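Before any comments, here is the structure.
There are 2 protein chains.
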Amino acid sequence: MSGKTDRPEHAEGGRWEVSALLAELRRRISEHEIPPGGKLKEQELAQEFGISRTRVREALAALETRGLVERIPNRGAIVRRFELGQVFEIYDVREVLEGLAVRRAVENADPGVWTAFLEECDAEFERRITSGQIELYETYFNRLRKTIIEAAANPVLKAMLDSVQDQTQIIMRRVLVLPGRVEHGLTNLRRLLEAMAAGRAEEAEQLRRLGIRSAIEDLKRYQRFVL
Amino acid sequence: MSGKTDRPEHAEGGRWEVSALLAELRRRISEHEIPPGGKLKEQELAQEFGISRTRVREALAALETRGLVERIPNRGAIVRRFELGQVFEIYDVREVLEGLAVRRAVENADPGVWTAFLEECDAEFERRITSGQIELYETYFNRLRKTIIEAAANPVLKAMLDSVQDQTQIIMRRVLVLPGRVEHGLTNLRRLLEAMAAGRAEEAEQLRRLGIRSAIEDLKRYQRFVL
DNA sequence: GTTTACAGGAATGTTGACAATCCTGCCGAC
DNA sequence: GTCGGCAGGATTGTCAACATTCCTGTAAAC
Numbered sequence: 009m010s011g012k013t014d015r016p017e018h019a020e021g022g023r024w025e026v027s028a029l030l031a032e033l034r035r036r037i038s039e040h041e042i043p044p045g046g047k048l049k050e051q052e053l054a055q056e057f058g059i060s061r062t063r064v065r066e067a068l069a070a071l072e073t074r075g076l077v078e079r080i081p082n083r084g085a086i087v088r089r090f091e092l093g094q095v096f097e098i099y100d101v102r103e104v105l106e107g108l109a110v111r112r113a114v115e116n117a118d119p120g121v122w123t124a125f126l127e128e129c130d131a132e133f134e135r136r137i138t139s140g141q142i143e144l145y146e147t148y149f150n151r152l153r154k155t156i157i158e159a160a161a162n163p164v165l166k167a168m169l170d171s172v173q174d175q176t177q178i179i180m181r182r183v184l185v186l187p188g189r190v191e192h193g194l195t196n197l198r199r200l201l202e203a204m205a206a207g208r209a210e211e212a213e214q215l216r217r218l219g220i221r222s223a224i225e226d227l228k229r230y231q232r233f234v235l
Numbered sequence: 009m010s011g012k013t014d015r016p017e018h019a020e021g022g023r024w025e026v027s028a029l030l031a032e033l034r035r036r037i038s039e040h041e042i043p044p045g046g047k048l049k050e051q052e053l054a055q056e057f058g059i060s061r062t063r064v065r066e067a068l069a070a071l072e073t074r075g076l077v078e079r080i081p082n083r084g085a086i087v088r089r090f091e092l093g094q095v096f097e098i099y100d101v102r103e104v105l106e107g108l109a110v111r112r113a114v115e116n117a118d119p120g121v122w123t124a125f126l127e128e129c130d131a132e133f134e135r136r137i138t139s140g141q142i143e144l145y146e147t148y149f150n151r152l153r154k155t156i157i158e159a160a161a162n163p164v165l166k167a168m169l170d171s172v173q174d175q176t177q178i179i180m181r182r183v184l185v186l187p188g189r190v191e192h193g194l195t196n197l198r199r200l201l202e203a204m205a206a207g208r209a210e211e212a213e214q215l216r217r218l219g220i221r222s223a224i225e226d227l228k229r230y231q232r233f234v235l
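Printed below as a string of structure tokens:
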């Protein structure tokens, strides 16, 4: 929707810029552009975005309460580093939240939406993914997930899911390349979409939770390679 | 020493004061000391706490990301006012989160903890509550809830539950006084504690969720009196 | 009587400067 | 050679002042 500002230097936006900085920092952290433990220097960011340090600090504080950075007094803000145990904690919560989202989505939305996703997920699609184009799966899955959360129509739920997504995006991307993971994920996904298209909300919720647990199992099994 | 803002000797916490202000504001909002829609003036708070407006602003920003206040540009921060629909949205999420907490608590903690709670919840206890001492129920329930969340041992889950608790404390206190609510709640609670003491995690989770849905049903039924 | 324009005051938004703290490189003692 | 102290620079924390925006009361016009 709202295009990116190519030039942060012309400052007419007032308060809009601090949220732009916030979104940009979220992206950089999620995309691993700034690695865990990386420092976020206030002056640097202030200069880059053409705003004052005070406003940068505001964005940093917001990132802290979102759990993306850690602020040590007098030592600045660093990108938070997640222990494996914390990832499991996050996914324990994520499992029930995503399940709720799927259930509400099935209850609210037209089944045709899910049928369309199901048709898109055909043999040719699977062949292309399993032959190496994993980013295809990622794109497809993110699109589906976004549609589900949208259909769930619960802003509180959406905010919490956004938060956990930010915190775990990188690590789950690493899980995607593990042997057999996408195949397993696709099988789960088809069953999930079938249940959703058929309007079986309870079953869909359970399948979604199963899919998440399955991914976590793979993470546990291969944790030495992921970290 | 003769300054207007001579504070006690332990006042040099630096960053400690801003979190103290944050906690105090959280309390005032939760306790309805500042009503929904009430304004939070920066200068007033700065003077009361003997700190600068900049730090007050920091606390206000944190409250905003926690969803407790609403900040309108150039018009200041007001305590957020919840529509009934938003309360339902929050409780949709809260249901699955509290359920998860109970399940993990049963899995982690010693069953004796729940037996103790169960014994405390006897006929005499119920008589005193139903004869008007509703605050007894509230205290007891909050204690149990805190124990459960503690036992669940998941900081991410705890943070989210704290957040929803802050946002709904007042409205659920109003629900407590509705006809038959505490009686209904106590019955649910006993069954829940029995399941927990017996180590039936799945059943306990379902019972906890049932209890929350039941409270929400009462809220729906009497919504004209609650709002 | 109602509406509109406008000035005065009050509150918020933003900035640059100053103070406190921490990290780094260097130097001398043992 | 290693350890501890010690400036000097860099970075964060805090503040008061200035700029901007919004609200309010007053008065004139219709």
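From first to last, the protein sequence lines stand for chains F and P.
Residue numbering for the first sequence follows our numbering, starting at 9 and increasing by one per position.
Residue numbering for the second sequence follows our numbering, starting at 9 and increasing by one per position.
Cβ atoms here follow ideal geometry from the backbone N, Cα and C, with glycine treated the same way.
Keep in mind it's a predicted model, so treat the numbers as computed, not measured.
Let's see if you can read the secondary structure: which residues bound the beta strand (DSSP E) around residue i?
{"i": "F/I86", "result": "84-87"}
Within the continuous alpha helix (DSSP H) that includes residue i, where are the two ends?
{"i": "P/I142", "result": "142-160"}
{"i": "F/I98", "result": "92-116"}
{"i": "P/V77", "result": "Careful: P/V77 lies outside any alpha helix (DSSP H), inside the beta strand (DSSP E) at 77-80."}
{"i": "P/A167", "result": "163-184"}
{"i": "P/H192", "result": "189-205"}
{"i": "P/I220", "result": "209-229"}
{"i": "F/P119", "result": "119-128"}
Shortest alpha-carbon distance to residue i belongs to which of the options?
{"i": "P/G219", "options": "P/Q51, P/E39, P/E103", "result": "P/E103"}
{"i": "F/I179", "options": "F/K166, F/I59, F/A223", "result": "F/A223"}
{"i": "P/R112", "options": "P/Y230, P/T62, P/M204", "result": "P/M204"}
{"i": "F/A31", "options": "F/L184, F/D170, F/A109", "result": "F/D170"}
{"i": "P/L186", "options": "P/Q141, P/R65, P/Y230", "result": "P/Y230"}
{"i": "P/E210", "options": "P/E106, P/Q51, P/G58, P/V172", "result": "P/E106"}
{"i": "F/V77", "options": "F/E132, F/L33, F/A167", "result": "F/L33"}
{"i": "P/E56", "options": "P/E39, P/H40, P/E25, P/R83", "result": "P/E25"}
{"i": "F/Y148", "options": "F/A159, F/E134, F/D100", "result": "F/E134"}
{"i": "P/I157", "options": "P/L108, P/D174, P/Q141", "result": "P/L108"}
{"i": "F/E50", "options": "F/P43, F/E41, F/G58, F/R65", "result": "F/R65"}
{"i": "P/L131", "options": "P/P43, P/A212, P/L194, P/L29", "result": "The sequence shown places Ala at residue 131 of chain P, not Leu. Among P/P43, P/A212, P/L194, P/L29, the Cα nearest to that of P/A131 belongs to P/L194."}
{"i": "P/Q214", "options": "P/A69, P/K228, P/Q175, P/R199", "result": "P/R199"}
{"i": "P/T138", "options": "P/L184, P/V95, P/A167", "result": "P/L184"}
{"i": "F/E39", "options": "F/L227, F/D174, F/A70, F/R63", "result": "F/D174"}
{"i": "F/R153", "options": "F/V87, F/L201, F/G140, F/A67", "result": "F/L201"}
{"i": "F/D100", "options": "F/V172, F/A206, F/G188", "result": "F/V172"}
{"i": "P/G207", "options": "P/L227, P/Q177, P/T62, P/P119", "result": "P/P119"}
{"i": "F/R88", "options": "F/R151, F/E191, F/L144, F/R36", "result": "F/R36"}
{"i": "P/E115", "options": "P/A159, P/R136, P/A67", "result": "P/A159"}
{"i": "F/P43", "options": "F/A54, F/M168, F/I86", "result": "F/I86"}
{"i": "P/P81", "options": "F/G140, F/Y145, F/S27, F/N150", "result": "F/S27"}
Grouping DSSP H, G and I as helix and E and B as strand, with all else coil, what is residue i?
{"i": "P/G11", "result": "Confidence at P/G11 is low in this model, with a pLDDT of 33, below 50, so its placement is unreliable and the value that follows should be read with caution. Coil."}
{"i": "P/F133", "result": "helix"}
{"i": "P/I60", "result": "A small fix is needed here, since residue 60 of chain P is Ser in this sequence, not Ile. If DSSP states are grouped into helix, strand and coil, P/S60 belongs with coil."}
{"i": "F/L235", "result": "coil"}
{"i": "P/S38", "result": "helix"}
{"i": "P/R65", "result": "helix"}
{"i": "P/S139", "result": "coil"}
{"i": "P/E25", "result": "helix"}
{"i": "P/A19", "result": "Residue placement at P/A19 is flagged as unreliable, the pLDDT there being 39, under the threshold of 50; the coordinate-derived value follows with that caveat. If DSSP states are grouped into helix, strand and coil, P/A19 belongs with the helices."}
What are the partner residues of residue i, as DSSP defines its beta bridges?
{"i": "F/L2", "result": "An answer regarding residue 2 of chain F cannot be provided, because it is not within the stretch 9 to 235 covered by chain F."}
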